[in-house]
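Some notes on the structure that comes next.
2 protein chains.
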Amino acid sequence: MGNRERIIEETRALMNEHGAASIGTTQIVEALKISPGNLYYHFKNKEEIIRILFDDVERALHELLTADIEIPISAARFAGFYLRSLEVVWDNRFFYGGLLQLLRKDEELAERYRKVQAETIDGLEGLARQFVKDGNMEKPRGRNGFRSVALNTWLVWTNWIRYKQTMSPTQLVTREDLAEGVGQIFDVLTPYLDPDFERAARRVLARELSAGSADG
Amino acid sequence: MGNRERIIEETRALMNEHGAASIGTTQIVEALKISPGNLYYHFKNKEEIIRILFDDVERALHELLTADIEIPISAARFAGFYLRSLEVVWDNRFFYGGLLQLLRKDEELAERYRKVQAETIDGLEGLARQFVKDGNMEKPRGRNGFRSVALNTWLVWTNWIRYKQTMSPTQLVTREDLAEGVGQIFDVLTPYLDPDFERAARRVLARELSAGSADG
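Chains A and B are the protein sequences, given in the same order.
Sequential numbering from 1 applies to the first sequence in the numbering used here.
Sequential numbering from 217 applies to the second sequence in the numbering used here.
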């Protein structure tokens, strides 16, 4: 791994642990034992590194929603989707933790975020419509039922990790917290899901989670 | 209003507009046109003002959950509760926006937050159980159905404003956004609510929202 990559990865790790606001270029070069000049050779400032880190968030969300989906969507695919969605937030928890402040400081980043957020919520709405078409879910109640479940899915998805962090004195989150979070996302749709489909999805989830390693 | 009160209110207003991280004692004294010595006569530092602002959040959450509730809980009471809950977040959006960073910097605040958050989620669970006892809601599905709807209610409640802020280039939120947010909170329970009860609650909500003044 070259210095450029090492700087990017170290920044993500430090910010995930301490929050984006607490980490500047000083902390990054100290952690890597490189000179400030070395960092500035690769990056103009902290904001530039954050934009590069956001490329990954963008790509991950995009991949989640555009990956080839076999129709009808299987219970395994359903479980995998929501598990992966929460992993994206976990891997980039510095971003969702410091969200408003990061967007305030960088209008370009804010615009990119608005775009990918809107696309992802549209994607979640499309998925919900597909579950209904597949016969695995009832139409959600209310005038804007599909939109509403998409929005609530997104709110639980993007805020679960932050919630868990606030509940822990160390702000650390475990693999079990992730499992609980996927369960909470499922529960936005639970009332409308076919019970057999839901049970199958929860079985897949339990299996995938027990296969994954513990993460701190 | 004495200087102490003016400092507290100005801090809340500035932080709500610009975020807690962007506001220090310098910005506060400049906005009020007072001397730094005047501020330091009343407060040791910014953290002390934030703790005092958090007293209000704590009190508002406590009042929400312990106010005399006539049983059975009426649709009007139900609507009023969720509207008020979102108003608390709106009035203190600096707090929910900068949450992780604020808690990281002040262990005492973090502990107080954990306590009131846990109590509020317990309270939401109690409310859901009461709606079922009152015959206005079905038991939520799943092994931990009551807990799960309480958690998802809390996640939508505390993150709706932040979501809306990220969607606006100015991070401003309107009274209509608040109405939409209450609708989203309702929708965590919608699948289980008695349709007549739900319709009555939405009517009350629409009335209260059209009576309230626009807020920017």
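Backbone N, C-alpha and C fix where the C-beta goes; we use that ideal spot for every residue, glycine too.
- What residues in the segment 401-415 of chain B have a beta carbon less than 8 Å from any beta carbon of chain A? D403, V404, T406, P407 and Y408
- Message: Suppose you measure from the CA of A:F94 to the CA of B:D412; what does that come to, to the nearest Å?
- Response: Position 94 of the first sequence, counting from 1, holds the residue named residue 94 of chain A. Position 196 of the second sequence, counting from 1, holds the residue named residue 412 of chain B. Their Cα atoms are separated by approximately 43 Å.
- Task: Kindly list the residues whose CB is nearer than 6 Å to the CB of B:D431, restricted to its own chain and excluding five residues on each side of it in sequence; keep chain order.
- Result: Counting from one through the second sequence, the residue named residue 431 of chain B turns up at place 215. The pLDDT assigned to B:D431 is 45, lower than 50, so where the model puts this residue is not dependable, and the model offers no usable value.
- Query: Which class does B:M217 belong to by DSSP, given the choice of helix, strand or coil?
  - Reply: Taking the second sequence and counting its residues from 1, one reaches residue 217 of chain B at position 1. In this structure, B:M217 counts as coil in the three-state DSSP scheme.
- Nearest-angstrom Cα separation, counted from A:T25 out to A:N45: By 1-based counting over the first sequence, the position of residue 45 of chain A is 45. By 1-based counting over the first sequence, the position of residue 25 of chain A is 25. So the two alpha carbons sit approximately 7 Å from each other.
- Find the nearest neighbour of B:T369 within the set A:P36, A:Y163 and A:A31, judged by alpha-carbon distance. Looking up residue 369 of chain B in the second sequence gives position 153. Considering only A:P36, A:Y163 and A:A31, the residue with the shortest C-alpha distance to B:T369 is A:Y163.
- Message: Does A:A211 pass the burial test, meaning 16 or more other C-beta atoms within 10 Å, or should it be called exposed?
- Response: By 1-based counting over the first sequence, the position of residue 211 of chain A is 211. It is exposed - the Cβ of A:A211 has fewer than 16 other Cβ atoms within 10 Å.
- Message: Distance cutoff 7 Å, beta carbons only. Does B:S364 sit that close to anything in chain A?
- Response: The residue given as residue 364 of chain B occupies position 148 in the second sequence. With 7 Å as the cut-off, B:S364 counts as an interface residue toward chain A.
- Task: Would you mind working out which of A:G181, A:K33, A:T120 and A:A21 sits nearest A:E47, comparing C-alpha positions?
- Result: As a working note, residue 47 of chain A is residue 47 in the first sequence. Closest option to A:E47, Cα to Cα, is A:A21.
- Interface residues of chain B around A:T174 at Cβ under 9 Å? Here residue 174 of chain A corresponds to residue number 174 of the first sequence, with the count starting at 1. Neighbourhood of A:T174 in chain B, by CB distance below 9 Å: empty, with the nearest CB roughly 17 Å away.
- Message: Let me confirm a value: B:D336 is counted as buried when at least 16 other C-beta atoms fall within 10 Å, else exposed. Which label applies?
- Response: Reading the second sequence from its first residue, position 120 is the one you call residue 336 of chain B. The amino acid at residue 336 of chain B is misidentified as Asp; the sequence shows Thr. By the neighbour-count definition (other C-beta atoms within 10 Å, threshold 16), B:T336 is a buried residue.
- Under the rule that 16 or more other beta-carbon atoms within 10 Å means buried, what is A:G19, buried or exposed? If you number the first sequence from 1, residue 19 of chain A lands on position 19. Looking at its Cβ environment, which holds 16 or more other Cβ atoms inside 10 Å, A:G19 is buried.
- Along the chain, which unbroken stretches of the alpha helix (DSSP H) at least 4 residues long are found entirely within the segment 231-316 of chain B? 241-248, 252-258, 262-282, 291-307 and 309-313
- Please classify B:L441: is it buried, with 16 or more other beta-carbons within 10 angstroms of its beta-carbon, or exposed? What the structure shows of chain B is the stretch from 217 to 432, and residue 441 of chain B is not part of that stretch, so it cannot be assessed.
- Message: Can you tell me whether B:S429 is buried or exposed? The criterion is at least 16 other CB atoms within 10 Å of its CB, across all chains shown.
- Response: Counting from 1 along the second sequence, the entry for residue 429 of chain B is found at position 213. Interpretation of B:S429 is limited by its pLDDT of 49, a score under 50 that renders its predicted location unreliable; the figure taken from the coordinates is listed afterwards. Around the beta carbon of B:S429, fewer than 16 other beta carbons sit within 10 angstroms, so the residue counts as exposed.
- Message: Please report whether the beta-carbon of B:V372 lies at a distance below 7 Å from any beta-carbon of chain A.
- Response: Along the second sequence, one-based indexing puts residue 372 of chain B at 156. True, the Cβ-Cβ gap to chain A drops below 7 Å.
- Using only the heavy atoms of the ligand SAH, determine whether one of them is closer than 6 Å to the beta carbon of B:E221. Of ligands this structure carries none, so the ligand SAH is not represented either.
- Helix, strand or coil at B:L409 according to DSSP, with G and I counted as helix: Working through the second sequence from its first residue, we reach residue 409 of chain B at position 193. Of the three classes helix, strand and coil, the one that applies to B:L409 here is strand, per DSSP.
- Spatially closest choice to A:N144 from B:T406, B:D284 and B:R267, by CA coordinates: What you label residue 144 of chain A is simply residue 144 of the first sequence in a count that begins at 1. Of the candidates B:T406, B:D284 and B:R267, the one whose C-alpha sits nearest the C-alpha of A:N144 is B:T406.
- Item | Supposed close pair A:G183, A:L86 - CB separation, criterion 8 Å | Looking up residue 183 of chain A in the first sequence gives position 183. Looking up residue 86 of chain A in the first sequence gives position 86. So it is not a contact: roughly 10 Å between Cβ atoms.
- Exposed unless 16 or more other CB atoms sit within 10 angstroms - verdict on A:D177: For the purposes of this step, residue 177 of chain A is taken as residue 177 along the first sequence, with counting starting at 1. Burial call: buried.
- Item | Proximity winner among B:E327, B:V348, B:E323 and B:A366, relative to B:D338 (alpha-carbon distances) | Translated into positions along the second sequence, residue 338 of chain B becomes position 122. The closest CA to that of B:D338, considering only B:E327, B:V348, B:E323 and B:A366, is found on B:A366.
- For A:L65, go through chain B and note every residue whose CB falls closer than 8 Å to its CB, in chain order. Taking the first residue of the first sequence as position 1, residue 65 of chain A is located at position 65. Per Cβ cutoff of 8 Å: no residues; A:L65 is ~18 Å from chain B at best.
- Query: Looking at the C-beta of B:N261, does it have a partner C-beta in chain A at a distance below 7 Å?
  - Reply: As a first step, residue 261 of chain B must be located in the second sequence, where it is residue number 45. False, the Cβ-Cβ gap to chain A never drops below 7 Å.
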